[in-house]
Each structure stands twice: as structure tokens, then as C-alpha cells.
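Before any comments, here is the structure.
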Amino acid sequence: MDVGVADDHSPEATISRWKFSVSRQYQHMLDKTTPHVLRRWIGCLVVAAVYVLRVYLVQGFYIVSYALGIYILNLLIGFLSPQVDPEIHDGPTLPTRGSDEFRPFVRRLPEFKFWYSITKAFCIAFVMTFFSAFDVPVFWPILLFYWVVLFTLTMRRQISHMIKYKYVPFSFGKQRYDGKRAPAESTSPIAD
2 MDVGVADDHS
12 PEATISRWKF
22 SVSRQYQHML
32 DKTTPHVLRR
42 WIGCLVVAAV
52 YVLRVYLVQG
62 FYIVSYALGI
72 YILNLLIGFL
82 SPQVDPEIHD
92 GPTLPTRGSD
102 EFRPFVRRLP
112 EFKFWYSITK
122 AFCIAFVMTF
132 FSAFDVPVFW
142 PILLFYWVVL
152 FTLTMRRQIS
162 HMIKYKYVPF
172 SFGKQRYDGK
182 RAPAESTSPI
192 AD
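With the first letter of the sequence shown counted as 1, position 5 gets the number 6 in my numbering; the numbers rise by one all the way through.
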């Protein structure tokens with residue numbers, strides 16, 4: 002009896018093949034959603050709304066919501082930050098004058114990973130609301146106030162960093178250099 006054949010039918014090999022197949026199908030599904038940015042974010046908002054509705058109806062799990070808010074704030078900072086921080090890195094930096102060479106803004110956290118992480122976090126937090134061990138009794142207005150203060154201070158620091166190094170983390174389509182436009186031709190018929 003061949004040892005290689007026996008290992009091929011072992012439970013571990015079967016489970017390994019099944020996990021590989023499932024992960025490949027899951028990755029294929031994620032790859033298909035990549036170009037559909039608006040639909041992905043609408044789906045994320047639906048998942049977030051379901052989570053908020055669950056927390057509102059249960060009237061609990063404020064620690065889970067606070068941790069979710071801190072995690073999303075951390076992701077937002079990564080999304081708004083350049084991949085190479087000009088304060089730390091001595092190499093090529095973001096352009097600071099109009100005459101500098103154009104370098105596109107490259108995020109530390111790409112948009113797809115930002116969306117995926119937020120959606121996954123809301124799903125995990127939603128599942129956590131079904132376990133009473135995560136429903137720690139707290140006075141939620143204090144957590145909300147602390148989160149708002151933390152968000153304000155963090156965003157103020159991030160915006161001042163953006164102003165100091167003159168970068169904008171958002172682009173609104175491709176910039177066009179049309180020059181002069183040709184005059185519009187009349188559409189009236191020409192008489193014979």
C-alpha cells in the first residue's frame with residue numbers, strides 16, 4: 002500500500018481541500034465586487050443600519066459599539082493617511098509646490114480594504130450582540146462623549162497634517178486639460 006495514497010484520503014487532507022475550495026470561492030466573490038464601489042458601500046450601510054437597529058432594540062452592547070467606533074476611527078486614519086509619511090520618511094515626498102513633479106496620493110489603507118474591514122467589523126459586532134457576555138453595563142453617554150472628543154482631536158490632527166504637507170486624500174475623477182473648445186456648430190439645415 003502506497004503511503005501517498007493513504008494520506009490523500011485522510012480527514013485532514015479532505016478538510017484542507019474543502020477549506021481551500023471555500024476560500025477560493027470567497028476570494029472570487031470578493032474580486033467580482035471590486036469594481037462596484039457604490040454598491041459595496043450601500044451594502045456596508047445596510048449592514049451598519051442592521052447593527053444599529055439591533056443595538057437600539059436590545060438597548061445594550063454599548064462597549065461593543067464603542068470598540069467598533071474606535072476601530073472604524075483607526076481605519077479612517079489609515080484611509081486618509083499617505084502610504085509614506087513625510088514626517089518620518091526622508092525619501093521622495095508629496096509635492097508641496099505647483100512646480101513639483103506630480104505624484105499621485107497613495108493611501109496607507111486602500112479603499113477596498115477600508116470597505117472590507119468596516120463591513121467585516123460590523124458583521125462581527127452584530128454576531129457579538131447575541132452573546133450576553135459582551136453586554137457589559139455602562140453609562141453610554143460617557144462613552145459617546147469620549148468617542149466624540151477622541152474623533153475631534155484625531156481629525157484635527159489629521160487635517161493639520163494634510164494642510165502642512167499639502168495633500169488631499171480624495172480625487173474627484175480624472176483631471177482634464179481641454180484647452181480651447183471648438184465653437185458649437187448650428188444644427189439648422191442648409192438650404193440647397
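A virtual CB, placed ideally from N, CA and C, is assigned to each residue, including glycine.
#1: DSSP has R108 in a bridge; who is on the other side?
#2: Can you look up V224 in the DSSP assignment and give me helix, strand or coil?
#3: Are L74 and S118 closer than 9 Å when you measure CB to CB?
#4: Report the rounded CA-to-CA distance for M129 versus V56, giving the unit in angstroms.
#5: With 16 as the cutoff for other CB atoms within 10 Å, does P36 come out buried or exposed?
#6: Closer than 7 Å by C-beta to V139: which residues in its own chain qualify, once you throw out the five before and the five after it? Chain order, please.
#7: Let me make sure I understand the geometry here. Which of H162, K165, F146 and Y27 has the alpha-carbon closest to that of G70?
#8: What does the alpha-carbon distance come out to for the pair T198 and F21?
#9: Enumerate in chain order the residues of its own chain whose CB-to-CB distance from D136 is below 6 Å, with the five nearest sequence positions on each side excluded.
#10: Check this for me: beta carbons of F80 and R40, under 9 Å apart or not?
#11: CA-CA distance, G44 and P12?
In terms of the structure at hand:
#1: P83
#2: Since the displayed the chain opens at 2 and closes at 193, residue 224 lies outside it and no answer follows.
#3: no
#4: 11 Å
#5: exposed
#6: Y63 and I64
#7: F146
#8: Residue 198 is absent from the structure shown; the chain starts at 2 and stops at 193.
#9: G61 and F62
#10: no
#11: 37 Å
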